[in-house]
Each structure stands twice: as C-alpha cells, then as structure tokens.
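Colleague: There's a structure below that I have some questions on.
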Amino acid sequence: MLGGYAGRVLRVDLSRRSMRTEELQESALRAFIGGKGLGAWFLYRELKPGLDPLSPGNEIAFLTGPATGTPIPGSSRLACTFKSPLTGIWGESYCGGAIAYELKASGYDALVISGRAEEPVLLVVDDGEVELRSARHLWGLDTFETEDAVKEELGARFQVLSIGPAGEKLVKFACVCHSRGRQLGRCGAGAVMGSKLLKAIAIRGRGSVEVAKPDELEELASDLREKAREVLRGLSEYGTPGIMARTNATETLPTRNWTEGSFPGYANIGPKAMRERIVIASRACRGCPVGCAKLSEVREGPYAGAKVEGPEYETLFALGALCYNDCLESIVKLNELCDRLGLDTISTGNVLAFAMECYERGLVSAEDTGGLELRFGDHEAMAEAV
1 MLGGYAGRVL
11 RVDLSRRSMR
21 TEELQESALR
31 AFIGGKGLGA
41 WFLYRELKPG
51 LDPLSPGNEI
61 AFLTGPATGT
71 PIPGSSRLAC
81 TFKSPLTGIW
91 GESYCGGAIA
101 YELKASGYDA
111 LVISGRAEEP
121 VLLVVDDGEV
131 ELRSARHLWG
141 LDTFETEDAV
151 KEELGARFQV
161 LSIGPAGEKL
171 VKFACVCHSR
181 GRQLGRCGAG
191 AVMGSKLLKA
201 IAIRGRGSVE
211 VAKPDELEEL
221 ASDLREKARE
231 VLRGLSEYGT
241 PGIMARTNAT
251 ETLPTRNWTE
261 GSFPGYANIG
271 PKAMRERIVI
281 ASRACRGCPV
291 GCAKLSEVRE
301 GPYAGAKVEG
311 PEYETLFALG
321 ALCYNDCLES
331 IVKLNELCDR
341 LGLDTISTGN
351 VLAFAMECYE
361 RGLVSAEDTG
371 GLELRFGDHE
381 AMAEAV
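Put into structure tokens, the structure is as follows:
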C-alpha cells in the first residue's frame, strides 16, 4: 500500500444496518489523489443519473488525504462529498479540526454512508469497531447540545460530526457541525444526513500512519512549519477576516445583496474591530502552526454571552456587509445561531440579503414575512428570521 494511506474504506448501509470494510485499489489512489479525488471517484461510479439527493440512494462520503495523520501542517482537513440537494449536482464541503485524524487513526481513508435508517441513529467508529445506536434522545437537539451529549455518553476523546434542527428538517443548505466551530458548510451536507436519519457520527482512533520515508517527511514538515509561521503571520494575527481589508479596499466585498463592492460600515466589523472588541483566543487545527481560528465572545449589550469560533471572513460578509449590517456583536450572535441550528452562514446571509432587497423593492410585504420588516441593516429582524 502507498505510504500515507490506510488502504481501507468503511461502508455503512443504514437501510440494512450493515457495515463492511473495502480495500482500496492502489491504482485508484494514484489516479484520484486525496479526499476530493476519491469522493469524485466513488460518486461517479456509484450514483445513478437523476437520483434524488434526499433519497436513500444518495451517498455521503467523509474522506481524508494521504498527508492526514502525518506531521505535514494543514493536513487535518476532512472532505465531504455527495450529490447536493441545493444544486442537484456535485456537492463538496470541508472542515478542519481533528475529525479527519481520528478517521485515519481508526484505520480508514474514507467513510461512505448510504441508505436510510428506520429511526434516528448515531454512528460510532471506535478504533475500527463500528456500531449503530439509537439517537432518538438526540433528535431535536442543536449541534452544541448533541456534541456534548455524545461525548458524555461515549467519552471526551471522541470527535463528533452532527446535524441540528435545520438538517433534521431537510433545509437544503443545512450544514454538518464538528467541534462546535468547524462546519461542513456548503452544498447541504446536513440535509443529506438528515434525510438518512443520521443525527451524528462519533469517531475515535488509536492507530498511526505509515509513510515511505519518515525522516525525509519530518524534515519537509519542519520546513513547512517554519515557512508557514513567517508567510502566514497575518493569518495568525487576524484569521480569515483579514481578507476583508483587501476586498473592501478593492471594492470586491459583497455588499447590499451584491449591488455594491465596498461597505461604509467596514470599520465596525473588520478584523481590527474584531480583535479589539470580541476576540478572546486563537485556536489551531491539529498539527497546524498558524492558529487562524479566532474564538469570539460578546461581553456586553443585547447580545452579551454569544460565543462562537469565528466569525470567518465569509460569515462576516454574508451576515454583515451583504445585509448592510455593521453591528459586529449581532454577527457573532447570528453566527452562533446558525452553528447551533446547523445552517450554512454563507447561504443564510445570502437568503436574508435577497429577502431584504425584495422587501425594500416592494416585491414582498410584512404579510409575506410573518410581520418582520426585513430592511437592510436591521440585525434584530435578521436574528428573528433565522
């Protein structure tokens, strides 16, 4: 087997409550590199044209890459591939954290799930031992509550993927949450899990990854870590919100439902405002020297107590500039609401901004919105709508 790979895929059919291990072909690993490549290979071979993305026949795959579990920085990301209920075509999403490492340490390069359970289920992968448990007691909980409950049931060492009420209700841009602040956010992965009545996945591994030339790999990893600390210093300091300074200056910041390219309220929600008013700590994915994730907390005002990992750049523009909202504290609260409910913040912000423009143009009324006056900049109405 090629170095860096476990060489195995775990396949779970929820309809049959069956699990099996499949050996990966070396030719496939060479032809389709990494999690995205393998995911494309699986879906192309196995999904029928015209398949309903929310039907039992859709597959959702969680995949690692050949560097996952090695000292290479930035290699701890998890790929997720499926047919998207939002677009009807290829869907992909990615998250950081430690879940990819645990999957590889369990002896699998990928986890591929098909079928539909008869009741809500929790899939447990414990160092190669696989079990389906009832998740009736978890159904209806938000993602934070679900992760806490699963770790209390199984142990704190487990890494968890879960859906919230949005995924349960098959919202087509529902996301999958990991470690509270890490989301498989795009294309509706949460709705696919919800359609399968798969509430959560818990993974713990104790294995290690074999590589062809460990000494040379460690030398390469050390060099990459040093370069990352130097080149990505701004990312370490501000996280992805630092991007907003450039996009606003170049008038490429999505603003007012994409009708403008810079935001007059930028200074109130930009990276410097974040660092001064809400950021309380930094966080790094496993094995990464950058620490671009920022933990934020609202300390005072009507949104006091809201706490989230982020907001990331995309969340800042989607729930901020795109909706003409310059209240940073409200963005933290909206981010937390989306994470708990299992909603993609980017799609949520775009839906809100579109609704706001429709409202202000008279295309929809308060009667259509349940009494909400969805005007640009009204963060209270945004929170109520979410």
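Heads up: the sequence shown at position 172 corresponds to 172 in the numbering used here, and the numbers run straight through without jumps. We treat Cβ as the ideally placed atom computed from N, Cα and C, and that holds for glycine.
(1) Helix, strand or coil: how does DSSP classify Phe-263 here?
(2) Under DSSP, the beta strand (DSSP E) around Ile-243 begins and ends at which residues?
(3) Compute the beta-carbon to beta-carbon distance between Ala-191 and Pro-85, rounded to the nearest angstrom, for a pair I have assumed lies under 8 Å.
(4) With which residues is Gly-91 paired in a DSSP beta bridge?
(5) Does the segment 140-157 come into contact with the segment 85-100, if we say contact requires no fewer than three beta-carbon pairs (one atom in each stretch) closer than 8 Å?
(6) Quick check on Val-231: does DSSP put it in helix, strand or coil?
(7) Specify the secondary structure class of Thr-255 as computed by DSSP and reduced to three states.
(8) Tell me where the alpha helix (DSSP H) around Phe-144 begins and ends.
(9) Going by C-alpha distance, which of Thr-21, Gly-181 and Gly-349 is nearest Met-128?
(10) What distance in whole Å lies between the Cβ atoms of Ala-189 and Ser-93, which are believed to be in contact at a cut-off of 8 Å?
(11) Could you compute how far the alpha carbon of Leu-2 sits from the alpha carbon of Leu-47?
(12) Buried or exposed: Ala-366, going by 16 or more other Cβ atoms within 10 Å of its Cβ?
(13) Please confirm whether Gly-261 has its beta-carbon closer than 7 Å to some beta-carbon of chain C.
(14) Among the candidates Ala-321, Thr-87 and Pro-302, whose CA atom is the shortest distance from the CA of Gly-349?
(15) Work out the CA separation of Gly-185 and Pro-311 for me, nearest whole Å.
(16) In chain order, what residues of the same chain lie with their CB nearer than 7 Å to the CB of Cys-175, ignoring the 5 residues before and after it?
(17) Please identify the residue among Arg-116, Ile-346, Asp-52 and Gly-65 whose C-alpha is closest to the C-alpha of Gly-88.
(18) Who are Ala-174's beta bridge partners in DSSP?
(19) Terminal residues of the continuous alpha helix (DSSP H) containing Lys-199?
(20) Give me, in chain order, the residues of the same chain whose beta-carbon lies closer than 8 Å to that of Lys-307; leave out the 5 immediate sequence neighbours on both sides.
(21) Quick test of the definition: if touching needs 3 or more C-beta pairs under 8 Å, does the segment 202-221 touch the segment 266-280?
(22) Buried or exposed: which applies to Glu-59, given that a residue is buried once 16 or more other Cβ atoms fall within 10 Å of its Cβ?
(23) Could you have a look at Glu-300 and say whether DSSP puts it in helix, strand or coil?
(24) Find out if the Cβ-Cβ distance for the pair Pro-66, Tyr-5 is shorter than 7 Å.
(25) Taking just the CA atoms, how far does Leu-141 sit from Arg-180?
(26) In the DSSP assignment, the alpha helix (DSSP H) including Ile-99 goes from what residue to what residue?
(27) At the level of alpha carbons, what is the spacing between Ile-346 and Arg-256?
(28) Less than 7 Å between the beta carbons of Pro-56 and Arg-116, yes or no?
(29) DSSP puts Lys-294 in a beta bridge; with which residues?
(30) For Met-193, which residues from the same chain have a beta carbon less than 7 Å from its beta carbon, with the 5 sequence-adjacent residues on both sides left out?
(31) Tell me the residue span of the beta strand (DSSP E) that contains Ala-110.
(32) Tell me, which residues are paired with Ala-61 by DSSP?
(33) Under a Cβ-count criterion, where at least 16 other Cβ atoms within 10 Å of its own Cβ denotes burial, should Glu-384 be classed as buried or exposed?
(34) Kindly give me the distance between the Cβ atoms of Ser-208 and Ala-105, rounded to whole angstroms, as I take these residues to be in contact under 8 Å.
(35) What are the boundary residues of the beta strand (DSSP E) that includes Glu-22?
(36) If you count every other CB in all the chains shown that lies within 10 Å of the CB of Asp-326, and 16 or more means buried, which is it?
Modeller: Result, derived from the coordinates:
(1) Position 263 of the sequence shown, counted from the start, is the residue given in the question as residue 263. The answer is coil: DSSP assigns Phe-263 none of H, G, I, E or B.
(2) What you label residue 243 is simply residue 243 of the sequence shown in a count that begins at 1. Premise fails: Ile-243 lies in the alpha helix (DSSP H), 243-249, not in any beta strand (DSSP E).
(3) Mapped onto the sequence shown, residue 191 falls at position 191. Mapped onto the sequence shown, residue 85 falls at position 85. Right, the Cβ-Cβ distance comes to about 5 Å (below 8 Å), so this counts as a contact.
(4) As a working note, residue 91 is residue 91 in the sequence shown. Gly-91 is bridged to Phe-82.
(5) no
(6) Taking the sequence shown and counting its residues from 1, one reaches residue 231 at position 231. Here Val-231 sits in helix by DSSP.
(7) Stepping through the sequence shown from its first residue, residue 255 is reached at position 255. DSSP places Thr-255 in strand when its eight states are reduced to three.
(8) Along the sequence shown, one-based indexing puts residue 144 at 144. Segment 143-154, the alpha helix (DSSP H) holding Phe-144.
(9) Position 128 of the sequence shown, counting from 1, holds the residue named residue 128. A small correction: the amino acid at residue 128 is Gly; Met does not occupy that position in the sequence shown. If we check each option's Cα against that of Gly-128, Thr-21 comes out closest.
(10) Position 93 of the sequence shown, counting from 1, holds the residue named residue 93. Position 189 of the sequence shown, counting from 1, holds the residue named residue 189. Confirmed, about 5 Å.
(11) In the sequence shown, residue 2 corresponds to position 2, counting from 1. In the sequence shown, residue 47 corresponds to position 47, counting from 1. Straight-line Cα distance between these residues: approximately 27 Å.
(12) By one-based count along the sequence shown, residue 366 stands at place 366. Looking at its Cβ environment, which holds fewer than 16 other Cβ atoms inside 10 Å, Ala-366 is exposed.
(13) No chain C appears in this structure, which consists of one protein chain only.
(14) Here residue 349 is taken as the residue at index 349 of the sequence shown, counted from 1. Ranking the options by Cα distance to Gly-349, first place goes to Ala-321.
(15) For this step, residue 311 is matched to residue 311 along the sequence shown. For this step, residue 185 is matched to residue 185 along the sequence shown. So the two alpha carbons sit approximately 13 Å from each other.
(16) Along the sequence shown, one-based indexing puts residue 175 at 175. The residues are Gln-183, Leu-184, Gly-185, Ala-189, Gly-190, Gly-342, Leu-343 and Asp-344.
(17) Walking along the sequence shown from the start, residue 88 turns up at place 88. For Gly-88, the nearest C-alpha among the options comes from Asp-52.
(18) Here residue 174 corresponds to residue number 174 of the sequence shown, with the count starting at 1. For Ala-174, which the question treats as bridged, DSSP gives the partners Leu-343.
(19) Taking the sequence shown and counting its residues from 1, one reaches residue 199 at position 199. Segment 198-204 is the beta strand (DSSP E) holding Lys-199; no alpha helix (DSSP H) there.
(20) Along the sequence shown, read from residue 1 onward, the residue named residue 307 stands at position 307. Here the set comprises Leu-295, Ser-296, Glu-297, Val-298, Val-332 and Glu-336.
(21) no
(22) Residue mapping note: residue 59 aligns to position 59 of the sequence shown, counting from 1. Label assigned to Glu-59: buried.
(23) Sequence index remark: in the sequence shown, residue 300 carries index 300 (1-based). DSSP places Glu-300 in coil when its eight states are reduced to three.
(24) Translated into positions along the sequence shown, residue 66 becomes position 66. Translated into positions along the sequence shown, residue 5 becomes position 5. In contact: Pro-66 and Tyr-5 (Cβ atoms closer than 7 Å).
(25) Taking the sequence shown and counting its residues from 1, one reaches residue 180 at position 180. Taking the sequence shown and counting its residues from 1, one reaches residue 141 at position 141. Near 13 Å, if we compare the C-alpha coordinates of Leu-141 and Arg-180.
(26) Walking along the sequence shown from the start, residue 99 turns up at place 99. Here the alpha helix (DSSP H) through Ile-99 covers 99-105.
(27) Residue mapping note: residue 346 aligns to position 346 of the sequence shown, counting from 1. Residue mapping note: residue 256 aligns to position 256 of the sequence shown, counting from 1. Each residue's alpha carbon lies about 14 Å from the other.
(28) Translated into the one-based positions of the sequence shown, residue 56 becomes position 56. Translated into the one-based positions of the sequence shown, residue 116 becomes position 116. Closer than 7 Å, so yes.
(29) For the purposes of this step, residue 294 is taken as residue 294 along the sequence shown, with counting starting at 1. Bridge partners of Lys-294: Ser-282.
(30) The residue labelled residue 193 in the question sits at position 193 within the sequence shown. Same-chain partners within the cutoff: Ile-60, Ile-163, Gly-167 and Val-176.
(31) Here residue 110 refers to the residue found at position 110 when the sequence shown is read from its first residue. It spans 110-114 - the beta strand (DSSP E) in which Ala-110 sits, taken as one unbroken run.
(32) In the sequence shown, counting from the first residue as 1, residue 61 sits at position 61. In DSSP, Ala-61 forms a bridge with Thr-81 and Val-112.
(33) Reading the sequence shown from its first residue, position 384 is the one you call residue 384. Exposed, since its Cβ has fewer than 16 Cβ neighbours within 10 Å.
(34) Counted from its first residue, the sequence shown places residue 208 at position 208. Counted from its first residue, the sequence shown places residue 105 at position 105. Indeed they touch by this definition, with Cβ atoms about 7 Å apart.
(35) As a working mapping, residue 22 is identified with position 22 in the sequence shown. Counting along the chain, the beta strand (DSSP E) containing Glu-22 begins and ends at 18-23.
(36) Within the sequence shown, numbered from 1, the residue matching residue 326 stands at position 326. With 16 or more Cβ atoms within 10 Å of its Cβ, Asp-326 is classed as buried.
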